[in-house]
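Enquirer: Going line by line, the protein sequences match chains S and B. In case it helps, the numbering used here puts the first sequence at residues 174 to 480. In case it helps, the numbering used here puts the second sequence at residues 315 to 816.
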Amino acid sequence: MNAQPFHALSYEVRRLRGLRSTWLIAAAVLVAGAAAAAVAVRQQLPGPLSAEAGLRTVAAVVPLSPLPVAALGACLLGALSYAHEVGHPGLPASRVALSRRAALLLAKLLVIGGAALLLTAATVLVNAAVVWLALPAGVDAGALLPGATPGPTAHPEAAAPAWGAVLEAAPTVAGRPLGIFAAVVVLAGWAGLVATSLVRQARAGLVLLGTVVVPGELFAGLLLRRSPVGGTASPGGLPAVRDLPVVHDLQTLLPLHSGLARLRVRDGRAVADVLQLPLPLLFALLLVPPALGLAAAVALQLRRREL
Amino acid sequence: MIQITGLTKVHRRGGPPALLDLTFDTRPGTVTALLGDEGAGKTTAIRLMVELERGRGAALFDGRTYRRLPRPETRVGLVPETAPSCPGHPGRRAADHLRMLAAAIGVPARRADDLLEQTRLAGVAAHRLRSFSPGMNRRLALATALLGDPQALLLDDPTAGLSPRSTEWLHSFLRSFAAAGGTVLMTTCSPLEAGTVSDRVITLVRGRQAADQSAADFRGTRLCPEVVVRGPQMARLADLLLAQGARVRSDGRSGIAVGGLARAEVGELAHRHGILLHELTDRAIGRPMPHTALPIGSGRSGEVVRLHRTPPPPSPAPSLSAQSSLSSPSPLPPLSPLFPDPPDDVGTARHRPGALPTVGAPAAGPRPRPVPASAECPPPPPPPLPLPLPSPTRPYLRTDRPSARTAARTAAPAAATTTGPAAATSTGPAAAPTQPPTPADEDPPTRPLPPVRPEQVLPTAATPTAYPHPHPHPHLHLNPNPNPDGLSRPESYADHHRSEAP
Chain S
174 MNAQPFHALS
184 YEVRRLRGLR
194 STWLIAAAVL
204 VAGAAAAAVA
214 VRQQLPGPLS
224 AEAGLRTVAA
234 VVPLSPLPVA
244 ALGACLLGAL
254 SYAHEVGHPG
264 LPASRVALSR
274 RAALLLAKLL
284 VIGGAALLLT
294 AATVLVNAAV
304 VWLALPAGVD
314 AGALLPGATP
324 GPTAHPEAAA
334 PAWGAVLEAA
344 PTVAGRPLGI
354 FAAVVVLAGW
364 AGLVATSLVR
374 QARAGLVLLG
384 TVVVPGELFA
394 GLLLRRSPVG
404 GTASPGGLPA
414 VRDLPVVHDL
424 QTLLPLHSGL
434 ARLRVRDGRA
444 VADVLQLPLP
454 LLFALLLVPP
464 ALGLAAAVAL
474 QLRRREL
Chain B
315 MIQITGLTKV
325 HRRGGPPALL
335 DLTFDTRPGT
345 VTALLGDEGA
355 GKTTAIRLMV
365 ELERGRGAAL
375 FDGRTYRRLP
385 RPETRVGLVP
395 ETAPSCPGHP
405 GRRAADHLRM
415 LAAAIGVPAR
425 RADDLLEQTR
435 LAGVAAHRLR
445 SFSPGMNRRL
455 ALATALLGDP
465 QALLLDDPTA
475 GLSPRSTEWL
485 HSFLRSFAAA
495 GGTVLMTTCS
505 PLEAGTVSDR
515 VITLVRGRQA
525 ADQSAADFRG
535 TRLCPEVVVR
545 GPQMARLADL
555 LLAQGARVRS
565 DGRSGIAVGG
575 LARAEVGELA
585 HRHGILLHEL
595 TDRAIGRPMP
605 HTALPIGSGR
615 SGEVVRLHRT
625 PPPPSPAPSL
635 SAQSSLSSPS
645 PLPPLSPLFP
655 DPPDDVGTAR
665 HRPGALPTVG
675 APAAGPRPRP
685 VPASAECPPP
695 PPPPLPLPLP
705 SPTRPYLRTD
715 RPSARTAART
725 AAPAAATTTG
735 PAAATSTGPA
745 AAPTQPPTPA
755 DEDPPTRPLP
765 PVRPEQVLPT
775 AATPTAYPHP
785 HPHPHLHLNP
795 NPNPDGLSRP
805 ESYADHHRSE
815 AP
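1. Give me, in chain order, the residues of the same chain whose beta-carbon lies closer than 7 Å to that of Ala-744(B); leave out the 5 immediate sequence neighbours on both sides.
2. List the residues of chain B whose Cβ lies closer than 9 Å to the Cβ of Glu-479(S), in chain order.
3. Could you give the distance in angstroms between the alpha-carbon of Ser-564(B) and the alpha-carbon of Phe-491(B)?
4. Between which two residues does the alpha helix (DSSP H) containing Phe-532(B) stretch?
5. From Leu-426(S), Leu-249(S), Ala-226(S), pick the residue whose C-alpha is nearest to that of Ser-194(S); which is it?
6. At a CB distance below 7 Å, what residues from the region 376-389 of chain B approach chain S? Give them in sequence order.
7. Determine the extent of the alpha helix (DSSP H) in which Gln-432(B) is found, giving its start and end residues.
8. What is the residue span of the beta strand (DSSP E) that Arg-597(B) lies within?
9. Is the beta carbon of Tyr-255(S) less than 8 Å from the beta carbon of Leu-366(S)?
10. Checking the sheet assignment: what are the DSSP bridge partners for Lys-281(S)?
11. What did DSSP end up calling Gln-216(S) once you bin it into helix, strand or coil?
12. Between the Cα of Glu-582(B) and those of Pro-331(B), Leu-555(B), Glu-395(B), Arg-425(B), spot the shortest distance and give me the residue it belongs to.
13. Of all the beta strand (DSSP E) runs that stay within the bounds of the region 494-522 of chain B, which reach a length of 3 or more residues?
14. Would Arg-415(S) pass as a contact of Ser-400(S) if the rule is Cβ separation under 8 Å?
15. First and last residue of the alpha helix (DSSP H) that includes Leu-245(S)?
16. Can you tell me where the beta strand (DSSP E) with Ala-436(B) in it begins and where it stops?
17. With C-beta atoms as the reference, is Thr-517(B) less than 8 Å away from Ala-529(B)?
18. Can you list, in chain order, the residues of its chain with a C-beta nearer than 6 Å to that of Pro-396(S)? Leave out the 5 residues immediately preceding and following it.
19. When we look at the beta-carbon of Val-438(S) and count the other beta-carbons within 10 Å, is it buried (16 or more) or exposed?
20. Would Arg-577(B) pass as an interface residue toward chain S - the criterion being a Cβ-Cβ separation below 8 Å?
21. Have a look at Ala-469(S) and Val-202(S) and give me their C-alpha separation to the nearest angstrom.
22. Straight-line CA distance for Leu-430(B) to Leu-454(B)?
23. Can you list, in chain order, the residues of the region 189-205 of chain S whose Cβ is nearer than 7 Å to any Cβ on chain B?
24. Could you work out which residues of chain B lie near Tyr-184(S), taking near to mean beta carbons separated by less than 8 Å?
25. Closest by CA to Leu-292(S), which one among Arg-376(S), Gln-474(S), Ala-233(S)?
26. Among Trp-363(S), Ala-270(S), Leu-283(S), whose alpha-carbon lies nearest the alpha-carbon of Leu-480(S)?
27. For Gly-355(B), which of Thr-501(B), Val-542(B), Ser-480(B), Leu-590(B) has the nearest alpha-carbon?
28. What does DSSP give as the partner residue(s) for Thr-319(B) in the beta ladder?
29. Using 10 angstroms around the beta-carbon of Trp-305(S), count the other beta-carbons present and answer buried if the total reaches 16, otherwise exposed.
30. Looking only at DSSP bridge pairs, what is Ser-183(S) linked to?
31. Measuring straight from C-alpha to C-alpha, what distance separates Ala-208(S) and Ala-243(S)?
32. Return the chain-ordered list of same chain residues with a C-beta closer than 6 Å to the C-beta of Ala-746(B), the five sequence neighbours on each side being excluded.
33. Please confirm if Ala-270(S) has its CB atom under 8 Å from at least one CB of chain B.
34. For the alpha helix (DSSP H) containing Ala-466(B), list its first residue and its last residue.
35. Starting from Ala-347(B) and walking both ways along the beta strand (DSSP E), at which residues does that stretch end?
36. Find the nearest neighbour of Gly-206(S) within the set Leu-228(S), Leu-473(S), Gln-424(S), Gly-191(S), judged by alpha-carbon distance.
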């Protein structure tokens, strides 16, 4: 009976809970997300609110930011989780054995994942409330919040959302996009932790992560432009992944992928059109840095004596 | 039970090894001290024991290395060198911090609260760690080390920078921990502390194990016993003592330190001549490590030495033969110190046929054990200190390391003090601070004290903190000798003083 992982898990929960920075980061994420959602929803044109715009407002996606606000917060939590352990080791000699380091890292991944899920849920709830409160007249959010039809009506009680209907409709309407949002946030938290484990410092870890994520999204955008729209795949080309709803949601959540398409060279053409990289090189640029980072993180943990 | 075998640390960049072939055992119920100056390899030894650093050799805790222990915190508690700095995140509260670590070890949170009580931190349990002083940090580090209720404690310089009160508390704690069957291994820079608190002292000099002595041996060879006498007529007593052949020097206000006479003899002398005494106390002061031959260790470490071209230990063989003749007759003829090796010629010195065949041949013969600097050793050459040559009366001056740690350490109380029964009116050392001599009985504080032979008297004004002082009066610590020019007493003063005596 080895109770070590549970000890590590309990330790990690206490560690994360006992830090003031955890709560400050969570509060900052919620406030910034609510502000972004309010701005986004105020800029909506009259008419029905599309599912894409709804996801963007609820997930607080800032245009051309590499990650949603909640994912940035989870990233920071993951990075600080490792950096605090390095900077203030409570039991430095206890991490000498690899099994104990592995148990602690596993506990950290689990706890950061749980914290990311909580952060996602809180962000969605707060932003949905913001959308409902700040929805301008003429915008119909029926697809997102059934029954939330603001504007001057004769029956004020009709303006109140039917919460039962919202809860019933939510899994079917928003289940997949919100699941993908939660996955993005959790993965961002883990990535922050792994990147910091390479450099043992939170700031350097976040910079390292940025140098992987930003080019990765841009190259993914280039790849998606090569993918045919509708119909079948062209022979020798990419499959038609652009039409997959998952990819569509990801494109909504990570708007930076269109950065190279918006950036224009002098003759008015987009950089993405000028930059005709071969497909294998694009795949390599997209996949090699994260793979290398993961391998280096594992190798370093095998080699190190301290976390 | 901790078995240390051949711990060696050689840095990758070359240079002399930080630690060379440290070998000793510790038994339950004892306190072992690793003594050495800064850079002697004490911290490296501790870190190698818990495998925070890579090195050679092994440290076995009940037969297993630290990494193989199933729950190491329940076997070995570690107070690391960084203990005076913040032991955790500065924004965390002490109780939260300790409960968190208790959760990591798998002991109930109640244990953390108990330990806060035991280390006298319960009152500040709700304070954040950034408000903790170095002494509190060290107590918290000690509480952390004790969370798993370990049988062994490793403490890396646990009293550096502590106040005398905290030092005393920590010493008594370590003694009681050992008395309860625990094993304590601590490092220290202070010979006084090592002789006071430990049962066994292992001296490290530049990474080599220079001596492995019991505390009694250590006190006999490295500590200089002296008797501190206080009273109103110290000038007269000093003259009498000097006539008896004792060594006398002034010690603070209205006190003298006497070497060469036992406490009872001093008390009897005072009684015979009707001299009033206020204090009569045994004390020990440190003596510098005699620069005896450094042991060369095993064949493997000899390789390391040759590889890195360290300066050769001056004439290792006489001490080696002295040591090995204690256990078994040595087949090695002693290397005569009359043939000085050229300083760069390590390899040829080691490979001289018949001189030291174990070097470079790891399997040849029994490994010579490190040399205790005991009475069997030939008298050591005088150490190359920046000070004038030390006579046997000179205590250990630590002026070569003028750091804050040293100052704090040397200000700590020196040794166990006892009160002589033969004194005419002797008070115990505990009663001494509560009964300051009345001004009528006291020497005039501005008057110098009577060291008559100036060549036997130390220039105390040059290093005022070099004398460990058992007297806990703060002004005595701050100003142990108000008379920097007290070495040349006018002869008329003694006469005048003698006429005052009853």
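C-beta: ideal position from N, C-alpha, C; glycine also.
Expert: If we stick to the structure as given:
1. Stepping through the second sequence from its first residue, residue 744(B) is reached at position 430. With a pLDDT of only 38 at Ala-744(B), under 50, the local geometry of the prediction cannot be trusted, and the value read off the model is given with reservation. Excluding positions up to five away in sequence, the list is empty.
2. In the first sequence, residue 479(S) corresponds to position 306, counting from 1. Chain B residues near Glu-479(S): Leu-366.
3. Stepping through the second sequence from its first residue, residue 564(B) is reached at position 250. Stepping through the second sequence from its first residue, residue 491(B) is reached at position 177. Approximately 38 Å between the Cα atoms of the pair.
4. Along the second sequence, one-based indexing puts residue 532(B) at 218. 529-536 is the extent of the alpha helix (DSSP H) around Phe-532(B).
5. Here residue 194(S) refers to the residue found at position 21 when the first sequence is read from its first residue. Considering only alpha carbons, the answer is Leu-249(S).
6. Tyr-380, Arg-381, Pro-386, Glu-387
7. Sequence index remark: in the second sequence, residue 432(B) carries index 118 (1-based). Element bounds for Gln-432(B): 423-432.
8. Counted from its first residue, the second sequence places residue 597(B) at position 283. Segment 593-600, the beta strand (DSSP E) holding Arg-597(B).
9. If you number the first sequence from 1, residue 255(S) lands on position 82. If you number the first sequence from 1, residue 366(S) lands on position 193. In this structure, Leu-366(S) lies closer than 8 Å to Tyr-255(S) by Cβ.
10. For the purposes of this step, residue 281(S) is taken as residue 108 along the first sequence, with counting starting at 1. Answer is none; Lys-281(S) lacks a bridge partner.
11. What you label residue 216(S) is simply residue 43 of the first sequence in a count that begins at 1. Reduced to three states, the DSSP call for Gln-216(S) is coil.
12. Locating residue 582(B) in the second sequence gives position 268, where the first residue counts as 1. Comparing Cα positions, the closest option is Leu-555(B).
13. 497-502, 514-519
14. Your numbering for residue 415(S) matches position 242 in the first sequence. Your numbering for residue 400(S) matches position 227 in the first sequence. Yes, they are a contact pair.
15. On the first sequence, residue 245(S) is found 72 positions in, with the first residue counted as 1. From DSSP, the alpha helix (DSSP H) with Leu-245(S) extends over 242-260.
16. Along the second sequence, one-based indexing puts residue 436(B) at 122. Per DSSP, Ala-436(B) belongs to no beta strand (DSSP E) and is neither H nor E.
17. Within the second sequence, numbered from 1, the residue matching residue 517(B) stands at position 203. Within the second sequence, numbered from 1, the residue matching residue 529(B) stands at position 215. Their beta carbons are not under 8 Å apart, which means Thr-517(B) does not touch Ala-529(B) by this criterion.
18. For the purposes of this step, residue 396(S) is taken as the residue at position 223 of the first sequence. The displayed chain sequence assigns Leu, not Pro, to residue 396(S). Same-chain partners within the cutoff: Leu-455.
19. Taking the first residue of the first sequence as 1, we reach residue 438(S) at position 265. That one is exposed.
20. To locate residue 577(B), count along the second sequence from 1; it is residue 263. Not closer than 8 Å to any Cβ of chain S, the Cβ of Arg-577(B) fails to qualify, so no.
21. For the purposes of this step, residue 469(S) is taken as residue 296 along the first sequence, with counting starting at 1. For the purposes of this step, residue 202(S) is taken as residue 29 along the first sequence, with counting starting at 1. Taking the straight line from one Cα to the other gives about 30 Å.
22. As a first step, residue 430(B) must be located in the second sequence, where it is residue number 116. As a first step, residue 454(B) must be located in the second sequence, where it is residue number 140. Roughly 8 Å between the two C-alpha positions.
23. Gly-191, Leu-192, Arg-193
24. Residue numbering aside, residue 184(S) sits at position 11 when the first sequence is read from its first letter. Within chain B, the residues near Tyr-184(S) are Met-414, Leu-415, Ala-417, Ala-418.
25. Start at 1 with the first residue of the first sequence, and residue 292(S) comes out as number 119. Answer by Cα proximity: Ala-233(S).
26. Working through the first sequence from its first residue, we reach residue 480(S) at position 307. Minimum Cα distance to Leu-480(S) is reached at Ala-270(S).
27. Sequence index remark: in the second sequence, residue 355(B) carries index 41 (1-based). Nearest of Thr-501(B), Val-542(B), Ser-480(B), Leu-590(B) to Gly-355(B), Cα basis: Thr-501(B).
28. On the second sequence, residue 319(B) is found 5 positions in, with the first residue counted as 1. Partner(s): Ala-372(B).
29. The residue labelled residue 305(S) in the question sits at position 132 within the first sequence. So Trp-305(S) counts as buried.
30. Translated into the one-based positions of the first sequence, residue 183(S) becomes position 10. In DSSP, Ser-183(S) forms no bridge with anything.
31. Start at 1 with the first residue of the first sequence, and residue 208(S) comes out as number 35. Start at 1 with the first residue of the first sequence, and residue 243(S) comes out as number 70. Roughly 13 Å separates the two Cα atoms.
32. Taking the second sequence and counting its residues from 1, one reaches residue 746(B) at position 432. For Ala-746(B), the predicted model reports a pLDDT of 39, less than 50, meaning its position is unreliable; a value from the coordinates is still stated below. Only Glu-593 meet the Cβ criterion.
33. Position 97 of the first sequence, counted from the start, is the residue given in the question as residue 270(S). Yes, its Cβ sits closer than 8 Å to a Cβ of chain B.
34. Walking along the second sequence from the start, residue 466(B) turns up at place 152. Careful: Ala-466(B) lies outside any alpha helix (DSSP H), inside the beta strand (DSSP E) at 466-469.
35. Taking the first residue of the second sequence as 1, we reach residue 347(B) at position 33. 345-349 is the span of the beta strand (DSSP E), which, as asked, contains Ala-347(B).
36. The residue you call residue 206(S) lines up with position 33 of the first sequence. Nearest option by C-alpha distance: Leu-228(S).
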